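Structure record follows, encoded as structure tokens.
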Amino acid sequence: MNAYLNGQFLPLAEAKVSALDRGFVFGDGVYEVVPVYSKKPFRLDDHLRRLQASLDGIRLASPHATDGWRELILRLIELQDFADQSLYIQVTRGTPVAGQLPRDHAFPKGVPPTVFMFAQPLVTATPAQKAAGVCAVSALDNRWLRCNIKAISLLANILLRQQAVDAGCAETVMLRDGFLTEGAASNIFVVKDGVLLAPPPSNLMLTGITYDVVLELAATHGIPHQVRAISEAEVRTADELWMTSSTKEIMAIVRLDGAPVGAGVPGPLAQQMDGLYQTFKHQVMRA
Ligand code: PLP
């Protein structure tokens, strides 16, 4: 597996940063995960736009223009000996230099950001896994109020996600002030009476690239949909519940907190949307 670190392509095991890197000491950085199919990145421009928005959100100047990012990413993809990849990009506020305090909350001056990228094999759900669906638990969304920034400091998400893992489930569905926000590592959609419902983008959730694609596909294919606040009661009485992300794609949640969602099996709209998503993905990849 090959990686990229601060201007150099190198084997992943050889990529090393200082223990004083702000990412390590403070979780002071942002990241992206780009799915790559047959060595072609999916929706790369969207991921790069969101990376820029995250960098702006933490007041860190991007070390590369869009074209520069694209060039590095395409080179890293080519260097891998596997075709379907989950490409990780991390940018931190760098490492304090001599003459600066090794640990100080204030931004260090004149320090270049640390840029680290690597790719690992992308393993998407098998037809059997899709047919089975997954279970989820719910939890109070106790994260900060800037969840639209894809920050590497994921402690709250990790603790929330572990609640699902401890229950033998795949995801934690989060609720804040009685309304659905998102999953610990995914966006959540609800289907009720044939209408696809999605919570509106805000500072309380990360707007997924997959979330955008799902809504685009719903619009293109005439699937009734609404982007609006979704109450806890609507989540608990949903006909279908989905989690979506770049690596999980569209996955039906068939049990929530031990209770069946709808009929307790992946619903017809989830199956339709997964079909549309797969077709769209292959069309884009062939283009
Ligand atoms: N929300 C959170 C908290 C996430 O971590 C992720 C992805 O990892 C998403 C939403 C989905 O984003 P995307 O579809 O761009 O992968």
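Just so you know, we're using the working numbering here: the sequence shown kicks off at 9 and counts up by one. Note that CB positions come from ideal geometry on N, CA and C, so glycine has one too. Values in this document were obtained by computation on a predicted structure and should not be read as measured data.
Relative to ligand 1, the beta carbon of E190 is positioned inside 7 Å of a heavy atom.
Per DSSP, reduced to three states, the secondary structure at A237 is coil, with no helix or strand assignment. The beta carbons of F187 and S239 sit closer together than 8 Å. C-alpha of D53 to C-alpha of E224: approximately 16 Å in a straight line. With a cut-off of 8 Å on Cβ pairs, the region 171 to 186 is not in contact with the region 197 to 207, counting fewer than three such pairs. Taking 7 Å as the cut-off, one finds no heavy atom of ligand 1 near enough to the beta carbon of Y39. Between V142 and V273, the C-beta gap is not smaller than 8 Å, which leaves the two residues out of contact. Under the three-state reduction of DSSP output, G37 falls in the strand class. Of D36, K138, R78 and A23, the smallest CA-CA separation from P276 is found for K138.
Using a Cβ distance threshold of 8 Å, K200 and R58 do not count as a contacting pair. Per DSSP, the unbroken beta strand (DSSP E) holding V145 starts and ends at V142 to L148.
Assigned with DSSP and collapsed to three states, M9 falls in coil, not helix or strand. Secondary structure of S210 (DSSP, three-state): coil. Between Q93 and I85, the CB-CB gap stays under 8 Å. Residue environment: A227 is assigned as exposed (fewer than 16 neighbouring CB atoms within 10 Å of its CB, all protein chains considered). Take the alpha-carbon of R244 and the one of P116: they are about 47 Å apart.
Per the coordinates, the alpha-carbon of A61 lies some 24 Å from the alpha-carbon of P104. In terms of Cα proximity to A164, the closest of R151, C155, G176 and N156 is R151.
For E22, there is no enclosing beta strand (DSSP E), as DSSP gives it neither H nor E. A distance of 8 Å or more separates the beta carbons of S254 and A193. Relative to ligand 1, even the nearest heavy atom lies 7 Å or more away from the CB of L167.
Residue pairing by DSSP places T100 opposite G37 and T122 in a beta bridge. By the neighbour-count criterion, in which 16 or more other beta carbons inside 10 Å mark a residue as buried, E179 falls on the buried side. According to the DSSP assignment, A172 belongs to the alpha helix (DSSP H) that extends over L163 to D174. Assignment of A159 by DSSP, reduced to helix, strand and coil, places it in the strand class. With respect to the C-alpha of A136, the residue from M259, P120 and P43 having the closest C-alpha is M259. Residues of the same chain with a CB within less than 8 Å of the CB of A69, apart from the 5 flanking positions on each side, are L63 and P121 in chain order. The shortest CA-to-CA distance from N211 to any of L153, R67 and A27 is the one to L153.
Secondary structure at A260: strand, using DSSP grouped into helix, strand and coil.
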